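This report concerns only the one structure given below.
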Amino acid sequence: MSTRTFGEPIKRNEDRRLLTGQALFIDDVELPGLLHVAFLRSQVAHAKIRKIDVSKARQRPGVVAAYVAEDLGDYWKPGPLLVPPPPIAGIVFNQRTQVPLARDKVRHVGEPLAIIIAESRYIAEDALDDIDVELEQLPAVVDLERGLRAGSALVHDDVGSNVSAHVRQTKGNYAAAAAKADCIIKRRFRYEHGISSPIETRGVVAQWDARANQMTIWDTTQAPVFVRNGLAAMLGLNERNVRVIAPFVGGGFGPKIMMFYPEEVLLPWVSMKLNRPVKWIEDRLEHFFATTHERGQIHDAEIALSRDGKILGIKDVFLHDGGAYDPYGLTVPINSQCTLLGPYVVPNYDSTFTQVFTNLTLVTPYRGAGRQHGVFVMERLLDFAAHELKIDRAEIRRRNLIPADAFPYKNEIIYQDFQPLEYDSGNYEPVLDMALEAIGYKTFKEQQAAARAQGRHLGLGLACYVEGTGIGPYEGAKVQVQSNGKVSIATGIGTQGQGHFTVFAQIAADQLGVAVTDIDVVTGDTDQFYWGAGTFASRGAVVAGNAVNEASKVVRKKALKLASDLFECSEEDLVLEDGKVSIVGIPEKFVRLGDLANQANPMRGAVQPGTEPGLESTQYFGPPMGATANGVHAMVIEVDPRTFDLKVLKYVVVHDCGTVINPMILAGQIHGGVAQGIGNAFYEKLAFDDQGQLLNASLADYLLPTALEVPRMELGHTVTPSPLNPMGIKGAGEAGAIPVGPMFAQAIEDALDLKERGVELLEIPLSPSRVFELTRKSGQ
Amino acid sequence: MDTDDHDITVSVNGVRYKRRVESRMLLSDFLRHDLALAGTHVGCEHGVCGACTVLLDGQPVRSCLMLAVQAETHEISTIEGLTDKDGAYHPLQQAMHDHHGLQCGYCTPGILMTMTAFLEENLSPSEDEVREALSGNLCRCTGYQNIVDAVMAAAQRMRG
Ligand code: FES
Ligand code: FES
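And the structure:
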């Protein structure tokens, strides 16, 4: 190969379509005879359904059909359990999955009650007003602690309580460790995570073709293969007769995973029933209720330390808001539980959580997926310990880092991928050093004092984290040389902006000696690639990327074998570059890859037994367990002591995600993650009243960070390859978002001398008004 | 049906379209679904995200906050008209590609329309001015840094 593209900041293949308005997003799918769908959704969080009458809506001109739960017959079923509970002894899990249309009872605002199908979306929405609904409102379960008290209203009456799950995991013996501790710090923390709020909402288009016995579904999903398999089963079709296409998707960040949302389940059914294509596009208001959230946890946590700041153990008991249904199992709270341990040696750990049913939208992973909550607890505990023990905050972290020679490092408890939590590789101290250096840690105190002398309040924040990435089970890829010499790659994952069209092309380009721009990548079309799991848990590049690598290697071998037969020479005498195979030292003696592909598909003569036609290969890759990335973020902020308005003066990310395929795309992932982390730490809060009404369900009220709030970020990298895959890569999709909260809290305390004033920031988000309230409450 | 329809003539990217539309039809829906110019995206339909930004007589407007009938006799420019006749990128498109200023690309058409109009008025912006101009467009993927860099680079290139 002439130039290696792996590791280079190669510009993206997918950009041209996106920059010129030619990329196909879900709402761009137009089909002859297309009908449009609107949903009637519950406006209350918890109610008995007395009556839903759609007969008047059916009469409206332009309305084609209207259905309620009863109309679905046998098709009405609770959705599948997407992630079963992990094999942990003593686990309690009450499975209650969401239903396509509410029947008997509604359990959260926005739960669909009826579906209207009409000639246009305008008419479908008009017809919502024609529906006669009678709901008998019930008290709503909103507060986690109250929801667990005896006498609370019940989200699912038959469960008998609002416990969705209860899990305890331990390592060592915390009580024994605590008995020997010099210092124990105990606090209550509340961490709210917001909603992913991609700029494109969700959507589904379903087209049943009765003549072909074929169902085609365009869906804004991160996991098309799962959706195909699930919907085929529900519809009573063979998987082969269902094609799911995730077109260009305008951001996912978790909630666009294979949820089997009511809309996903209903549209194909409607299309079959009416024998017409149907489309539903979520509007922004619906998105706030109908797309899954991530939300809050309350932790009662304590840390036991020796005098010199060594962690002896941690005990944590926490409540996790699961929302009205729990189809995603325990992924989010298990992530919190595991990620809390961070990059530190924690010899003893005792962690118990209860996942609580509430009358609020379902909680499923959103970028970070519970990791933020755990990191917040750990980093804050270390801050308070440092203060108490009079140890520098960077130093206390350094003293507890897992040493470089301790990998693979076993944490004993079970992770979200059902494997025992084990960090594959890492070298943590240099990452901390680089971050301290970049933020100017040594000189900050002077800088702070100098600024203070001028009445300016500067603060520094610093947080460490690990990120479990790249979990199994597997992904696959098909790499195929076309007869024009270009290469096509297909994988089963969906893509939402991660640059898969480019990074997968880079991997194949190096193996096959073809230009990145001559490689066409298809993702998210189940007819192009049949098997796979999906894009989540920072796994696309790791798992699918390695499958592309394996398949490319096989194609390379095939090409060399064919050419060696042709030239009657040994494979070692051949080079593969610039789209052709030539003999070393005799560049004029060559054969183009495209011609080899043609020769591999002969029209006459016998194909050798044991060989396959075509220059292609399909390979799969499944890592034994997830690869653990790590990093340190640091920031300097300035806070206005009167308004508590805050400005980030400097922001540093130092990160180790193993071998890097494309540093430009990686930087983009980090930037975007940090921006979401800032939103989470500072602004984004779903404000519910005690009846479960969301009070800020618009982008004018639920604030997303703009270009004015997100600072310039400086990135640094170290590389500790993962031993778990041949390319040594680890995932990076969530790293930017994870540690921002504790760093904010720490920096604000630092800037305003809150420790000295007896104020501790034990919660996220921390808007200026919230910080004002907290400081005032304490009488300061 | 008690709709009230109107015959309108609208010019988009230099092409004149005559259509009959309901008075309540949003300009964004009209462009996307009636004219099949689906490059203009819709993120919120309440005027906050900026994804639907198009130019009306050269000025950025949110097409989700306008009715199609209000565009009668006006000149509209959309993302589909941003390259030149041979398909060559506008300098800002090129800079967005060079600086990795887009990930999912959903916000991108609105950002390109907003910021090309901005560059028409200010070819020597400071970074703060770029951020200010960009602050009406939400992007959930990029953290804005690469978009800001792209706009600065495009400005420099356009200054020559
Ligand atoms: S769609 Fe028009 S501003 Fe968001
Ligand atoms: S690139 Fe995805 S929203 Fe901007």
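Protein chains in written order, with our numbering: chain A, 57 to 836; chain B, -11 to 148. Where is the CB? At the ideal position from N, CA and C, for every residue including glycine. The structure presented is a predicted model; accordingly, all values stated were derived computationally and were not measured.
Test: residue i CB closer than 7 Å to a CB of chain B
{"i": "A:S594", "result": "no"}
{"i": "A:A690", "result": "no"}
{"i": "A:Q552", "result": "yes"}
{"i": "A:K242", "result": "no"}
{"i": "A:L759", "result": "no"}
{"i": "A:H212", "result": "no"}
{"i": "A:A425", "result": "no"}
{"i": "A:K133", "result": "no"}
{"i": "A:H556", "result": "no"}
{"i": "A:V260", "result": "no"}
{"i": "A:K67", "result": "yes"}
is_contact[residue i, chain A] using C-beta, thresh 7 Å
{"i": "B:M(-11)", "result": "Note that B:M(-11) scores a pLDDT of 46, beneath 50, so its modelled location is shaky; the value from the coordinates is reported in the next line. True, the Cβ-Cβ gap to chain A drops below 7 Å."}
{"i": "B:L107", "result": "no"}
{"i": "B:C40", "result": "no"}
{"i": "B:I99", "result": "no"}
{"i": "B:V36", "result": "yes"}
{"i": "B:S123", "result": "yes"}
{"i": "B:L90", "result": "yes"}
{"i": "B:C52", "result": "no"}
Sheet register partners of residue i (DSSP bridge)
{"i": "A:C239", "result": "A:L361"}
{"i": "B:S65", "result": "B:L43"}
{"i": "A:G772", "result": "A:V710"}
{"i": "A:V219", "result": "A:V412"}
{"i": "A:Q225", "result": "A:S407"}
{"i": "A:M271", "result": "A:W264 and A:V298"}
{"i": "A:A685", "result": "A:E523"}
{"i": "A:Y247", "result": "A:Q353 and A:I820"}
{"i": "A:Y586", "result": "A:Y586 is not bridged to any residue."}
{"i": "A:Q278", "result": "In the DSSP output, where bridge partners are listed per residue, A:Q278 has none listed."}
Through-space distance from residue j to residue i, alpha-carbon basis
{"i": "A:F62", "j": "A:M720", "result": "12 Å"}
{"i": "A:L616", "j": "A:S638", "result": "10 Å"}
{"i": "A:V215", "j": "A:K107", "result": "25 Å"}
{"i": "A:P824", "j": "A:E633", "result": "58 Å"}
{"i": "B:V0", "j": "A:E181", "result": "28 Å"}
{"i": "A:Q510", "j": "A:I717", "result": "46 Å"}
{"i": "A:V599", "j": "A:N781", "result": "8 Å"}
{"i": "B:G38", "j": "B:E115", "result": "20 Å"}
{"i": "A:N229", "j": "A:E478", "result": "19 Å"}
{"i": "A:P168", "j": "A:Q99", "result": "10 Å"}
{"i": "A:T776", "j": "A:A683", "result": "11 Å"}
{"i": "A:Y839", "j": "A:A793", "result": "Residue 839 of chain A is absent from the model: chain A starts at 57 and stops at 836."}
{"i": "A:S208", "j": "A:N218", "result": "8 Å"}
{"i": "B:C52", "j": "A:V559", "result": "35 Å"}
{"i": "A:A533", "j": "A:L771", "result": "31 Å"}
{"i": "A:D701", "j": "A:A380", "result": "36 Å"}
{"i": "B:D137", "j": "B:M84", "result": "8 Å"}
{"i": "A:E126", "j": "A:R116", "result": "21 Å"}
{"i": "A:A174", "j": "A:V93", "result": "6 Å"}
{"i": "A:V165", "j": "A:E319", "result": "16 Å"}
Opening and closing residue of the beta strand (DSSP E) in which residue i lies
{"i": "A:V631", "result": "L630 to E633"}
{"i": "A:N467", "result": "Y465 to I470"}
{"i": "A:V543", "result": "V543 to T547"}
{"i": "B:H78", "result": "Looking at the DSSP string, B:H78 is not in any beta strand (DSSP E), and its letter there is neither H nor E."}
{"i": "A:E740", "result": "Unbroken run through A:E740: none, as it is neither H nor E."}
Residue i: first and last residue of the uninterrupted alpha helix (DSSP H) it sits in
{"i": "A:V537", "result": "Counting along the chain, A:V537 falls outside any alpha helix (DSSP H), though it belongs to the beta strand (DSSP E) covering E531 to V537."}
{"i": "A:P476", "result": "It is not in any alpha helix (DSSP H) - A:P476 instead sits in the beta strand (DSSP E) that spans P476 to Y479."}
{"i": "A:Y497", "result": "Y497 to A509"}
{"i": "A:T831", "result": "P824 to K833"}
{"i": "A:K617", "result": "G601 to F623"}
{"i": "A:Y178", "result": "R177 to L184"}
{"i": "A:V431", "result": "R427 to L445"}
Q: Write down every uninterrupted run of the alpha helix (DSSP H) in the segment 75 to 163 of chain A whose length is 4 residues or greater and which is fully enclosed by it, in chain order.
A: You should have 111 to 115.
Q) At what residue ranges does the segment 747 to 792 of chain A contain a whole run of the beta strand (DSSP E), taking only runs of 3 or more? A) Here the runs fully enclosed are 770 to 773.
Q) Can you give, in chain order, each stretch of the alpha helix (DSSP H) that sits fully within the segment 320 to 407 of chain A and has at least 4 residues? A) Runs of the alpha helix (DSSP H) spanning 4 or more residues and lying entirely within the segment 320 to 407 of chain A occur at 340 to 346 and 387 to 395, in chain order.
Q) What runs of the beta strand (DSSP E), each 3 residues or longer, lie entirely inside the segment 12 to 56 of chain B? A) Segments of the beta strand (DSSP E) lying fully in the segment 12 to 56 of chain B: 41 to 44 and 47 to 50.
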